[in-house]
Amino acid sequence: MNAADIQIRPLTCRIGAEISGVDLFRSIDADVFRILHDALMEHLVIFFRDQDITHEDHLRFGRLFGDLAIHSGVAGLPDYPEIVAIHADGRSKFVAGENWHSDLSCNECPPMGSILYLPVVPEIGGDTLFSNMYSAYEALSPRMKDLLTGLTATHDGEHVYRPIVNDPTRRFPCNSHPVIRTHPVTGKKCLYVNSSYTTRIDQLPKGESDALLQFLYVHCMNPNFQVRFRWQPRSVAFWDNRCTQHQAVWDYFPQTRSGFRVTIAGDRPF
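Using the working numbering, the first residue of the sequence shown is number 28, and each one after it goes up by one.
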């Protein structure tokens, strides 16, 4: 695999790029890693087509970018605890990621990124939307930025995972993070609240917190911040959880959408 063969095609002006000329099941040298890392930092989410990867390939690729995290809400595969199955079919009552979210923002140290591989996708539907939280922050008025600066918000996994985990003794992460966080690599500021995990702004009474969070949730869904990825069999999406949100569209029932995800460990937001 030659770094010179890699092509990066941006999908929108703000977020998302499709990368060709890379086989993720082969060894990736330092030059190729640098290209992929820089592309992720620039485009926030990168996509690959026509990848035939095993679980070992998936783990190896994820570990290039950091330690892998064990999901704090659901169990991984029996022989590969770092890999979570993502599956929906005609018997499903819900699907993972139906609402806008940043993966596991309830953790004390939320993930750096996630890598999803879908070998089986519906013939029509099943897209994933990604939204740029740098752009969401930058589009706020100066007065709103001033209001949000220094505030923290509670991110709670209890209401997300309790309905699907049949274990009354299980406890799920709940942590507070800055409403405006700074990306540890790019140094850019981004909005860091999401409608799945964030339950309140810590410094405000409930009524004010609810109203402000509702405004921010709607603001984050602005299509001007987004890219919509249309899956094909054996596609891979790799997104930076620190500066994006995403939503899996469940418009394909009763068709099957099935694959696997690894999560890369991150740092405590600041």
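Where a beta carbon is used, it is the ideal one built from N, C-alpha and C, also for glycine.
Leaving out the 5 sequence neighbours to the left and right, which residues in its chain are closer than 8 Å to residue i when beta-carbon positions are compared?
i: Pro146; result: Pro260, Arg261, Ser285 and Gly286
i: Cys270; result: Leu71, Asn159, Met160, Tyr161, His210, Thr213, Lys215 and Cys217
i: Gly117; result: Phe280, Pro281, Gln282 and Thr283
i: Ile46; result: Ile33, Gln34, Ile35, Arg36, Leu63, Ala66, Ile73, Phe74 and Phe75
Excluding five sequence neighbours on each side, which residues of the same chain lie with their C-beta closer than 7 Å to the C-beta of residue i?
i: Ala15; result: This structure cannot settle anything about residue 15, because the visible part of the chain is limited to 28 through 297.
i: Val122; result: Ala115, Ala275 and Trp277
i: Ser223; result: Asn126, Trp127, His128 and Val187
Identify, in the order they occur along the chain, each residue of the same chain with its Cβ nearer than 6 Å to the Cβ of residue i, setting aside the five sequence neighbours on each side.
i: Arg257; result: Asp154
i: Val263; result: Phe75, Gln78 and Tyr144
i: Thr226; result: Thr181 and Asp183
i: Ala96; result: Pro138, Thr290 and Ala292
i: Asp32; result: Gly48
i: His98; result: Val111
Out of curiosity, what's the CA-to-CA distance linking residue i and residue j?
i: Asn202; j: Leu239; result: 19 Å
i: Arg197; j: Pro169; result: 42 Å
i: Phe265; j: Asn193; result: 30 Å
i: Pro250; j: Thr181; result: 26 Å
i: Leu51; j: Leu104; result: 21 Å
i: Tyr164; j: Phe297; result: 15 Å
i: Asp56; j: Ala44; result: 21 Å
i: Pro138; j: Val289; result: 10 Å
i: Asn268; j: Thr179; result: 18 Å
i: Thr81; j: Ile110; result: 11 Å
i: Val254; j: Ile42; result: 6 Å
i: Arg36; j: Leu131; result: 29 Å
i: Asn221; j: Ile207; result: 12 Å
i: His273; j: Glu150; result: 21 Å
i: Pro232; j: Lys172; result: 19 Å
i: Arg90; j: Leu167; result: 35 Å
i: Asp294; j: Ser141; result: 14 Å
For residue i, count the other beta carbons within 10 Å of its own beta carbon; 16 or more makes it buried, fewer makes it exposed. Which is it?
i: Gln34; result: exposed
i: Ser236; result: buried
i: Val245; result: exposed
i: Lys216; result: buried
i: Gln241; result: exposed
i: Leu67; result: buried
i: Cys247; result: buried
i: His85; result: buried
i: Gly100; result: buried
i: Asp73; result: Residue identity differs from the one stated: residue 73 is Ile in this sequence, not Asp. Ile73 is buried by the Cβ-count criterion.
i: Ile228; result: buried
i: Cys133; result: buried
What does DSSP give as the partner residues of residue i in its beta bridges?
i: Trp266; result: Val72 and Ser141
i: Ser285; result: His114 and Val147
i: Pro37; result: Ala44
i: Gln272; result: Ser158
i: Arg208; result: Cys217
Q: Could you tell me which uninterrupted beta strand (DSSP E) segments, each at least 3 residues in length, are contained entirely in the stretch 48 to 115, listed from first to last along the chain?
A: Runs of beta strand (DSSP E) with 3 or more residues, each lying fully within the stretch 48 to 115, are found at 72 to 75 and 110 to 115, listed in chain order.
Q) Unbroken alpha helix (DSSP H) runs of length 4 or more, entirely within the stretch 150 to 206: which are they? A) Fully enclosed alpha helix (DSSP H) runs of no fewer than 4 residues occupy 160 to 165, 169 to 175 and 185 to 188 of the stretch 150 to 206, in order along the chain.
Q: Kindly provide the ranges of any beta strand (DSSP E) runs that are 3 or more residues long and lie completely inside the stretch 214 to 256, ordered along the chain.
A: Here the runs fully enclosed are 216 to 218, 225 to 228 and 253 to 256.
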